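Trainee: Could you have a look at this structure, given as structure tokens, before my questions?
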Amino acid sequence: MGSQKGKPMNATKIICITPIKNEAWILNTFLKCASIWADNIILADQNSTDESLNIAAQFPKVQVIPNNSIIFNEPERQKFLIDAARKIPCEKRILIALDADEILGGDLSFFRSKEFLQQKQGTIFTFSWYNIARDSTKYWSPPIRFPFGFVDDGSEHNGRQIHSTRIPTPNSSERVHLLQNPIFHLQYIDWNRMQSKHRWYESYERLNFPQKNPIDIYRMYHHMYSIRTNEFKTLDHKYLESYQVLGINPFSHEKSQHYYWDLDVLKLIFEHGSSKFRKIDIWNFPWASISNELGYKNHPKDPRTFFDRAISAYLSKTQAIYPNRLICKIDSILKKFYY
């Protein structure tokens, strides 16, 4: 590939690929952290209206590619990012696919080690996923190992419409779990933002996957209320040392008054009608005041029947003990006629 001053050029590059849409609340922190271990950072921006692009412009490793799509399509944007990464000239590329609210933890010097850089093409890197609690001192982690890294071999990426795998995952690939480098998921450090995002997800699921039962949708997007006390663990500060020595707080973020998901949900309600969404848990929210503040002349009306409200109350009261066997049995009975 050529050399300069005796040093090899474009040998192995670590490329961070990340979709963004109005991520100014966390993007400055994310890019400070990712700039430590990544050679290149590609952001696919989907029509951000906040300060995201101005923040991105301050980081020399960042390349912003516009994603002008007006619809939510995970496999499309993932392929978009992978294709852009493959245009960066190098002999070998390692893709790390993160969202803007995810930070790599542990000893970041590992990502410059031979053990990491010399993994063969086609290798998938899996990570533990630490959901950081609101106080930023504890976390809970699902037992799943998430495939967020890939030593690129040109394999095709086949994703699904929502909650898609972010990288190619060929069946023949070897998987290496990076136990000492968990990914910190920061969604829950801004609880109001998380709730706004989940209201949008519930609305999207109800609209695009009508076969999904509203009870299942509720359970999925309220899972954080059923985390047991013994599931929380104290975060070991050794996972933060790579940032602390550089004076970086990896959990630093800005709070917003409004979240773009609220506006998107309002648009869905006005476009499809309130009754389309009456069986999902989005109505215990001051839509009238929000629509006033956003300049809407009309306000969405709560379309729920007495029975809808009763189901919602049951789900709320039982979420903390879900998936208790009795509750699962009651859910299965309800789902036969509530859909």
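As numbered in this note's numbering, residues 1479 to 1817 make up the sequence shown, in order.
Cβ coordinates follow ideal geometry from the N, Cα and C atoms, glycine included.
No experiment lies behind these values; they were computed from the predicted model shown.
(1) Would residue 1574 and residue 1493 qualify as a contact pair, given that the criterion is a beta-carbon distance under 9 Å?
(2) Where residue 1645 and residue 1603 are concerned, what is the direct C-alpha to C-alpha distance, given to the nearest angstrom?
(3) Could you check if residue 1657 is buried or exposed, using at least 16 other CB atoms within 10 Å of its CB as the buried criterion?
(4) If we ignore side chains and look at the alpha-carbon of each, how far apart do residue 1543 and residue 1513 end up?
(5) Run through the DSSP bridge pairs and tell me what residue 1711 is partnered with.
(6) How many whole angstroms separate the CB atoms of residue 1627 and residue 1572, which I take to be in contact at a CB cut-off of 8 Å?
(7) Near residue 1693, what residues of its chain come up, given a Cβ to Cβ distance below 8 Å and the 5 sequence neighbours on each side ignored?
(8) Would residue 1751 be called buried (16 or more neighbouring beta carbons within 10 Å of its own) or exposed?
(9) So if DSSP puts residue 1739 in a beta bridge, which residue, or which two residues, is it bridged to?
(10) Grab the span of the beta strand (DSSP E) containing residue 1655 for me, first residue to last.
(11) When the Cα atoms are used, what is the spatial distance from residue 1483 to residue 1545?
(12) Indicate the three-state DSSP secondary structure (helix, strand or coil) for residue 1761 in the structure shown.
(13) With a cut-off of 8 Å on the beta carbons, I'd call residue 1510 and residue 1726 a contact; round off their distance for me.
(14) For residue 1580, which residues of its own chain have a beta-carbon under 6 Å away from its beta-carbon, when the five flanking residues on both sides are left out?
(15) With distances taken Cα to Cα, identify the nearest neighbour of residue 1680 among 1541, 1783, 1757, 1584.
(16) Going along the chain, which residues of its own chain have a beta-carbon closer than 6 Å to the beta-carbon of residue 1524, five neighbours each way excluded?
(17) Give the secondary structure of residue 1568 by DSSP, where H, G and I count as helix, E and B as strand, and everything else as coil.
(18) Work out the CA separation of residue 1563 and residue 1491 for me, nearest whole Å.
(19) Helix, strand or coil for residue 1608 per DSSP?
(20) Out of 1537, 1582, 1650, 1554, which has the shortest C-alpha to C-alpha gap to residue 1728?
(21) Report, in whole angstroms, the separation of the C-beta atoms of residue 1639 and residue 1551, which I expect to be a contact under 8 Å.
(22) Provide the residue(s) that pair with residue 1600 in DSSP beta bridges, ordered along the chain.
(23) Within 10 Å of its beta-carbon, does residue 1714 have 16 or more other beta-carbons around it, so buried, or fewer, so exposed?
(24) Please give me, in chain order, every unbroken run of the alpha helix (DSSP H) with length at least 4 that falls completely inside the stretch 1640-1694.
(25) What residues in its chain sit with their C-beta under 6 Å from that of residue 1505, if we drop five residues either side in the sequence?
(26) Roughly how many whole angstroms lie between the Cα atoms of residue 1587 and residue 1515?
(27) Should residue 1664 be listed as close to the ligand FMN, given that the test is whether its C-beta is under 8 Å from any heavy atom?
(28) What does the Cβ neighbour count give for residue 1547, buried or exposed, with the cut at 16 atoms within 10 Å?
(29) Using DSSP with H/G/I as helix, E/B as strand and the rest coil, what is residue 1631?
(30) Find the nearest neighbour of residue 1652 within the set 1555, 1762, 1597, judged by alpha-carbon distance.
(31) Find the nearest neighbour of residue 1801 within the set 1706, 1576, 1567, judged by alpha-carbon distance.
(32) So what's residue 1536 in DSSP terms, helix, strand or just coil?
(33) Can you tell me where the beta strand (DSSP E) holding residue 1732 begins and where it ends?
(34) What whole-angstrom Cβ distance do residue 1502 and residue 1732 have, given they're in contact under 8 Å?
(35) Closest to residue 1615 by C-alpha separation, out of 1621, 1558, 1717, would be which residue?
Mentor: Looking at the coordinates:
(1) Counting from one through the sequence shown, the residue named residue 1574 turns up at place 96. Counting from one through the sequence shown, the residue named residue 1493 turns up at place 15. It is a contact, given that the beta carbons lie within the stated cut-off.
(2) Looking up residue 1645 in the sequence shown gives position 167. Looking up residue 1603 in the sequence shown gives position 125. Going from the Cα of residue 1645 to the Cα of residue 1603 covers about 10 Å.
(3) The count along the sequence shown starts at 1 and reaches residue 1657 at position 179. Exposed, because fewer than 16 other Cβ atoms sit within 10 Å of the Cβ of residue 1657.
(4) Looking up residue 1543 in the sequence shown gives position 65. Looking up residue 1513 in the sequence shown gives position 35. Taking the straight line joining both Cα atoms gives about 17 Å.
(5) Taking the sequence shown and counting its residues from 1, one reaches residue 1711 at position 233. Looking at the DSSP assignment, residue 1711 forms a beta bridge with 1617.
(6) As a working mapping, residue 1627 is identified with position 149 in the sequence shown. As a working mapping, residue 1572 is identified with position 94 in the sequence shown. Yes, they are in contact, since the Cβ atoms of residue 1627 and residue 1572 sit about 7 Å apart, within 8 Å.
(7) Within the sequence shown, residue 1693 is the residue found at index 215, counting from 1. Same-chain partners within the cutoff: 1789, 1793, 1809, 1812, 1813, 1816.
(8) For the purposes of this step, residue 1751 is identified with residue 273 of the sequence shown, where counting begins at 1. With fewer than 16 other Cβ atoms within 10 Å, it is exposed.
(9) Position 261 of the sequence shown, counted from the first residue, corresponds to residue 1739. Per DSSP, none; premise fails for residue 1739.
(10) In the sequence shown, the residue the question calls residue 1655 occupies position 177. First-last of the beta strand (DSSP E) with residue 1655: 1653-1655.
(11) Position 5 of the sequence shown holds residue 1483. Position 67 of the sequence shown holds residue 1545. Because the pLDDT of residue 1483 is 46, which lies under 50, any placement of that residue in the model is unreliable, and the question is left without a value.
(12) Translated into the one-based positions of the sequence shown, residue 1761 becomes position 283. It is coil, neither helix nor strand.
(13) In the sequence shown, counting from the first residue as 1, residue 1510 sits at position 32. In the sequence shown, counting from the first residue as 1, residue 1726 sits at position 248. Indeed, because the Cβ distance is near 5 Å, the residues count as touching under 8 Å.
(14) Translated into positions along the sequence shown, residue 1580 becomes position 102. 1661, 1663.
(15) By 1-based counting over the sequence shown, the position of residue 1680 is 202. Here the closest residue by C-alpha is 1757.
(16) Locating residue 1524 in the sequence shown gives position 46, where the first residue counts as 1. 1499, 1545, listed in sequence order.
(17) Taking the first residue of the sequence shown as position 1, residue 1568 is located at position 90. Three-state DSSP puts residue 1568 in coil, outside helix and strand.
(18) Start at 1 with the first residue of the sequence shown, and residue 1491 comes out as number 13. Start at 1 with the first residue of the sequence shown, and residue 1563 comes out as number 85. Taking the straight line joining both Cα atoms gives about 10 Å.
(19) As a first step, residue 1608 is located in the sequence shown; it is residue number 130 there, counting from the start. If DSSP states are grouped into helix, strand and coil, residue 1608 belongs with the strands.
(20) Counting from 1 along the sequence shown, the entry for residue 1728 is found at position 250. Here the closest residue by C-alpha is 1582.
(21) Counted from its first residue, the sequence shown places residue 1639 at position 161. Counted from its first residue, the sequence shown places residue 1551 at position 73. With a Cβ gap of about 7 Å, residue 1639 and residue 1551 count as contacting.
(22) As a working mapping, residue 1600 is identified with position 122 in the sequence shown. DSSP, once it has assigned bridges, lists no residue as partnering residue 1600.
(23) As a working note, residue 1714 is residue 236 in the sequence shown. That one is exposed.
(24) 1669-1686
(25) Locating residue 1505 in the sequence shown gives position 27, counting from the first residue. Excluding positions up to five away in sequence, the list reads 1530, 1533, 1578.
(26) On the sequence shown, residue 1587 is found 109 positions in, with the first residue counted as 1. On the sequence shown, residue 1515 is found 37 positions in, with the first residue counted as 1. Approximately 8 Å, taken between the alpha carbons.
(27) The model depicted lacks the ligand FMN and carries no ligand whatsoever.
(28) Here the question's residue 1547 lines up with position 69 in the sequence shown. Its Cβ having fewer than 16 others within 10 Å, residue 1547 is exposed.
(29) Position 153 of the sequence shown holds residue 1631. Correct three-state label for residue 1631: coil.
(30) Position 174 of the sequence shown, counted from the first residue, corresponds to residue 1652. Of the candidates 1555, 1762, 1597, the one whose C-alpha sits nearest the C-alpha of residue 1652 is 1597.
(31) Position 323 of the sequence shown, counted from the start, is the residue given in the question as residue 1801. Ranking the options by Cα distance to residue 1801, first place goes to 1706.
(32) As a first step, residue 1536 must be located in the sequence shown, where it is residue number 58. Coil at residue 1536, not helix or strand.
(33) Here the question's residue 1732 lines up with position 254 in the sequence shown. That residue, residue 1732, is in no beta strand (DSSP E); it is neither H nor E in DSSP.
(34) Position 24 of the sequence shown, counting from 1, holds the residue named residue 1502. Position 254 of the sequence shown, counting from 1, holds the residue named residue 1732. With a Cβ gap of about 7 Å, residue 1502 and residue 1732 count as contacting.
(35) The residue you call residue 1615 lines up with position 137 of the sequence shown. For residue 1615, the nearest C-alpha among the options comes from 1717.
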